[in-house]
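K.L.:
One structure, as structure tokens, below. Some questions next.
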Amino acid sequence: MEHLITAKDIFKIFKRGSEEIRAINGISLDIDAGDIVAITGESGSGKTTFVNIIGSLDNPTSGELCINGRCVFAPGAALTEGELTRIRREIFGYVFQKFFLVPTLTVAENIVLPGVFQPKLEVSDAELDKLMDMLGILARKNHLPWHLSGGEMQRVAIARALALRSKVLIADEPTGNLDSKRSEEIKELLVRLNREQGITIILVTHNHNLAKIGKRVYVMKDGRFIE
Amino acid sequence: MKLSIYQVAYKNLLRRKVRTSLTILGIVISTWVFVTLLGFNHGYENSLNENIEGMGFQIVLTAKGCPYEAATLMLQGGTGLRYMPENLVRSVIDKPQVERATPMIMHAEFDPNRGETGGTTIYLGIDAASYPPMKPYLAFSQGTWFASDAENQVVLGYEVAELEQREAGDLMLLPGTTEEYEVVGVLKRTGNQDDGMIYMPLFAAQKTFNREGELTMLGMRLVPEIDQAAFEEELYQLPDVQVVSMAQVKNTIMGLVSSAKAIVLSVACIAFLIAIFGVVNTVLMSVFERYQEIGILKSMGALPGDIFKMVFIETTILCAFGGLLGIGFSWIFSGMSELAVRYFLPFSPSGKLIIINGSTALFSFIAIACIGMLGSVYPAWRAASVRPLESIRNE
Amino acid sequence: MKKKLLFAALLLGFAAQLSAAVGCDLKDPDRDVKRFFPGSTGYKTAYKSIDKLGGKELLQTVEARLGDKFTGLYETIDVPYTLYTVLKGKETIGYIHGINQKGQYGGLQVFLAYNPQGIISDFYYQKLTSRNAKAMTAPGFAAMFKGLSFADFKDYDPIKHTGIPAGITGEGDDFYATLRAVKKNFILVDIFVFGGKGRQS
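Note that the protein sequences, when read in sequence, are chains A, B and C. If you're matching positions, the first sequence starts at 11 in our numbering and goes up one per residue. If you're matching positions, the second sequence starts at -14 in our numbering and goes up one per residue. If you're matching positions, the third sequence starts at 4 in our numbering and goes up one per residue.
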């Protein structure tokens, strides 16, 4: 069976003067639809760099990356910014530690914001209400972000990622700014999204409790998986 | 639910309300100056044309040297007018090129009973048959013109009548004479030197002031088809006369005013540039502030063109709003601007000096929008160039 | 070229506008105030009108006190009057006020200078057109009015020409027009300065 994402021998090398830093040092990983992959590790271990490459936000220095049956990076064929954007549009939704909500837009407007740039991606009012209801933020529909708690803001960010109808949700430290109660809520939400919607989740976290939701958990150090 | 890029751009501007307001204010002021200047350009020429048309004269014939003294006479109360022989003037009136003409005699009389140091009264002897049709804007608040052959009758300009407390039917003693004159008409206020004139029948003025057979000026309208320059040249051949063409006068005044306009235009352009730099600065600052947010938008699938468009729209909204307000202000305050222009300009014709019509407003709006759009290219390009990865790394 | 423009200005009526003769201002207030009150150090100018101060009702009061109606194109309720309050330091040492009065052959501008009690300290024609101009501008004519107060003019009837204050002599329409102007001047100064209660009388 073809994997949703296939990463083979991925290297990411940064140069600082004459020094060569191997941020990703030859990682291979296959991710299937419906997976939950959790990646943990210390700061600077290369977790975020790796998911950025998988999520088409960055190109690797070498290696091969195929997403949804299309090889987006192969030797001698780096994608342009526009091409990467198109792949992101089709496959990925992102959730970051900071929520990056637009402060002047209401909760509902923030959620449908991706549709501004993808005209085909129209979210009907019913779909929007259903999504917000599922995430427990329906009552906050017309509020501005600064009225919300951190947990609510992260749920809005997740809703925004889901509004893209993404196949894969990349969550980079989604609970990094939240207390334990809110973190637990987000954890349950991610599990539910995977179980009920079949959304593939790639999770980067320091939080061991959150990492437990991973069907596969990888620990990174110095640009490699060590466990 | 559908959100448009215009709504997003508009709401982005609401983030820093004070900064946005100040930027708009800059555009408002520069637009205001720009539109007012364009309105002035149009209005001044219009009024000047109307004034010259209203004079009814295309060409004025005077004795050599006279114009200067006539002017100083009015401005400084001096005397010493020069005169042309009436028969010479009559020969000009009979020329085929002349469609209509009206001879005049001007006289200044010192009145010792006006104030401590006395004052000068200006008389204009006119031909009651030919003068009024050439000055159609002169209207009466009381009475009417005298007959051409009337003796001891005068028509007063509004301010003279007010100063002398005269009404139609009253008697008057003219300074320097002992005869009584009847006021047969009082003119309405015109706002120009006509208000300060005492009009008398031509022959009576010549007789009263001992200037029989002499004239000061001849106002003429020419037959439309003729070559005006050639006719002026012909008139210059007459002994001791001077030809003042109103077209020349208009060109001279327009020339003088155009240098003033050039200065104001430069100032307006500088104000415009400053406003545009203000817009560029504001939008650029807001792009830098939203660096990460723009990166996230791109991670959500926004293409560089989408981001460019969003920033471009933000700038266009600023310029369009500021431009519309500026045009509105210039229209509402055109009366005030006109007062200021009248105060600062040495020569300002009567009538509306600042005319802001639809085409002026439309042209200004398009100009402002275009310049604003041009100014938005750099910030929009910077925003479009934001790489999502870099912005997220900055996290 | 400059002179040619000047002529254009004259013809087009741009520059040579005569000062509007609304109300009655001193032609050269700095000089005139000093002449009436040599000890003055300054003056304040205030613009008053019957219309603004009391409207039709006040006009009727003024007409009743004057004993004559306001008539003609120029003697109207909204004519602005200029009141000069003359100062010596901060102290008010007098007032100057002028009236436009229709004469037989032209307008008269009758200015009166008052001491702080409202008694005439000087009389001056700023403008006069009259066959008797010579006699009326002679120093003796102005001197007749000095020291008079409103009480002296209270009984003057501008229509019948009766009740002329003792010591004032003259003849002709312009003489009577002058007396009317003086009485009207008194009444208006009483209103503008003393609140219209006839304090100075």
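A virtual CB, placed ideally from N, CA and C, is assigned to each residue, including glycine.
Under the rule that 16 or more other beta-carbon atoms within 10 Å means buried, what is residue 344 of chain B, buried or exposed?
P.N.:
Exposed, because fewer than 16 other Cβ atoms sit within 10 Å of the Cβ of residue 344 of chain B.
K.L.:
Work out the CA separation of residue 47 of chain B and residue 12 of chain C for me, nearest whole Å.
P.N.:
For residue 12 of chain C, the predicted structure reports a pLDDT of 46, less than 50, and the residue's modelled location is therefore unreliable. The matter cannot be settled from this model.
K.L.:
Rounded to whole angstroms, what is the Cα-Cα separation between residue 62 of chain C and residue 49 of chain C?
P.N.:
For residue 62 of chain C and residue 49 of chain C, the distance between alpha carbons rounds to 19 Å.
K.L.:
Identify every residue that forms a DSSP beta bridge with residue 103 of chain C.
P.N.:
Per DSSP, C/112.
K.L.:
Looking at C-alpha atoms only, which residue of A/166, A/64, A/122 is the closest neighbour of residue 105 of chain A?
P.N.:
With distances taken between Cα atoms, residue 105 of chain A lies closest to A/166.
K.L.:
Applying a beta-carbon distance threshold of less than 7 Å, which residues of chain A neighbour residue 369 of chain B?
P.N.:
Going along chain A, no residue has its Cβ under 7 Å from residue 369 of chain B, so there is no contact; the nearest lies around 10 Å.
K.L.:
With respect to 7 Å, is the separation between the Cβ of residue 72 of chain B and the closest non-hydrogen atom of the ligand FAD below this value?
P.N.:
With respect to small molecules bound, the structure shown includes none, and the ligand FAD cannot be examined in it.
K.L.:
Going by the beta-carbon positions, is the gap between residue 231 of chain B and residue 30 of chain B smaller than 8 Å?
P.N.:
No, Cβ-Cβ distance for residue 231 of chain B and residue 30 of chain B is not below 8 Å.
K.L.:
For the segment 113 to 135 of chain A, which residues have a beta carbon sitting closer than 7 Å to at least one beta carbon of chain B?
P.N.:
So the list reads 113, 114, 115, 118, 119, 122, 123, 124, 125, 126, 127, 128, 132, 133, 135, given in the order they occur along the chain.
K.L.:
Return the CA-CA distance between residue -8 of chain B and residue 123 of chain A, expressed in angstroms with no decimal places.
P.N.:
Their backbone Cα atoms lie some 10 Å apart in a straight line.
K.L.:
Quick check on residue 132 of chain C - is its C-beta less than 8 Å from some C-beta in chain B?
P.N.:
Chain B contact via Cβ: present.
K.L.:
Among B/35, B/82, B/254, which one has its Cα closest to the Cα of residue 212 of chain B?
P.N.:
Measuring from the Cα of residue 212 of chain B, the nearest candidate turns out to be B/82.
K.L.:
Closer than 7 Å by C-beta to residue 305 of chain B: which residues in its own chain qualify, once you throw out the five before and the five after it? Chain order, please.
P.N.:
Hits under 7 Å: 354.
K.L.:
Determine whether the Cβ of residue 143 of chain A lies closer than 8 Å to any Cβ atom of chain B.
P.N.:
Residue 143 of chain A does not count as touching chain B.
K.L.:
Around the Cβ of residue 186 of chain C, are there at least 16 other Cβ atoms within 10 angstroms (buried) or fewer (exposed)?
P.N.:
So residue 186 of chain C counts as buried.
K.L.:
If contact means a Cβ-Cβ distance below 7 Å, which residues of the segment 53 to 87 of chain A contact chain B?
P.N.:
From the segment 53 to 87 of chain A, only 62, 67, 68 have a Cβ closer than 7 Å to chain B.
K.L.:
Quick check on residue 122 of chain B: does DSSP put it in helix, strand or coil?
P.N.:
In the structure shown, residue 122 of chain B sits in coil (DSSP, three-state: anything other than H, G, I, E or B).
K.L.:
From which residue to which residue does the beta strand (DSSP E) around residue 205 of chain B run?
P.N.:
Counting along the chain, the beta strand (DSSP E) containing residue 205 of chain B begins and ends at 202 to 207.
K.L.:
Just how far apart, CA to CA, sit residue 42 of chain A and residue 14 of chain A?
P.N.:
Whole-angstrom Cα-Cα distance: 5 Å.
K.L.:
If we count the other Cβ atoms within 10 Å of its Cβ and call it buried at 16 or more, is residue 57 of chain A buried or exposed?
P.N.:
Buried is the call here.
K.L.:
Just checking my contact of residue 172 of chain B with residue 140 of chain B at CB under 8 Å: how many whole Å lie between their CB atoms?
P.N.:
Between residue 140 of chain B and residue 172 of chain B the Cβ distance is about 7 Å, and since that is below 8 Å, they are a contact.
K.L.:
How about the segment 52 to 71 of chain C and the segment 93 to 109 of chain C: do they share at least three Cβ pairs that are nearer than 8 Å?
P.N.:
Contact fails: fewer than three Cβ-Cβ distances are below 8 Å.
K.L.:
Determine the chain B residues that contact residue 92 of chain A at a beta-carbon separation under 8 Å, and present them in chain order.
P.N.:
Chain B residues near residue 92 of chain A: 288, 289.
K.L.:
Rounded to whole angstroms, what is the Cα-Cα separation between residue 97 of chain A and residue 322 of chain B?
P.N.:
C-alpha separation (whole angstroms): 59 Å.
K.L.:
Can you grab the Cα-Cα spacing for the pair residue 90 of chain C / residue 145 of chain B, in whole Å?
P.N.:
Roughly 33 Å between the two C-alpha positions.
K.L.:
For residue 80 of chain C, which option in C/135, C/59, C/164 has the closest C-alpha, if you only look at C-alpha atoms?
P.N.:
If we check each option's Cα against that of residue 80 of chain C, C/59 comes out closest.
K.L.:
What residues match up with residue 45 of chain C in a beta bridge as DSSP calls it?
P.N.:
Looking at the DSSP assignment, residue 45 of chain C forms a beta bridge with C/90.
K.L.:
Out of A/207, A/31, A/99, A/75, state which residue places its alpha-carbon closest to the alpha-carbon of residue 145 of chain A.
P.N.:
Looking at the Cα atoms, A/207 is the closest of the given residues.
K.L.:
Show which residues of chain C have a CB atom less than 7 Å away from the CB atom of residue 141 of chain B.
P.N.:
Neighbours of residue 141 of chain B on chain C: none; closest Cβ ~11 Å, over 7 Å.
K.L.:
According to DSSP, simplified to helix, strand and coil, what is residue 286 of chain B?
P.N.:
Of the three classes helix, strand and coil, the one that applies to residue 286 of chain B here is coil, per DSSP.
K.L.:
For residue 186 of chain A, which option in A/232, A/107, A/51, A/66 has the closest C-alpha, if you only look at C-alpha atoms?
P.N.:
Ranking A/232, A/107, A/51, A/66 by Cα distance to residue 186 of chain A puts A/107 first.
K.L.:
The alpha helix (DSSP H) with residue 59 of chain C in it runs from where to where?
P.N.:
Per DSSP, residue 59 of chain C belongs to the alpha helix (DSSP H) from 58 to 69.
K.L.:
How big is the Cα-Cα spacing for residue 211 of chain A and residue 9 of chain B?
P.N.:
Taking the straight line joining both Cα atoms gives about 46 Å.
K.L.:
For a cutoff of 8 Å on Cβ pairs, would you count residue 135 of chain C as touching chain B?
P.N.:
For residue 135 of chain C, the answer is no, since every Cβ of chain B falls outside 8 Å of its Cβ.
K.L.:
Give the single residue among A/35, A/74, A/63 whose Cα lies nearest to the Cα of residue 55 of chain A.
P.N.:
When each option's Cα is compared against that of residue 55 of chain A, the closest is A/35.
K.L.:
Spell out whether any CB of chain C is found under 8 Å from the CB atom of residue 157 of chain B.
P.N.:
Cβ-Cβ to chain C under 8 Å: yes for residue 157 of chain B.
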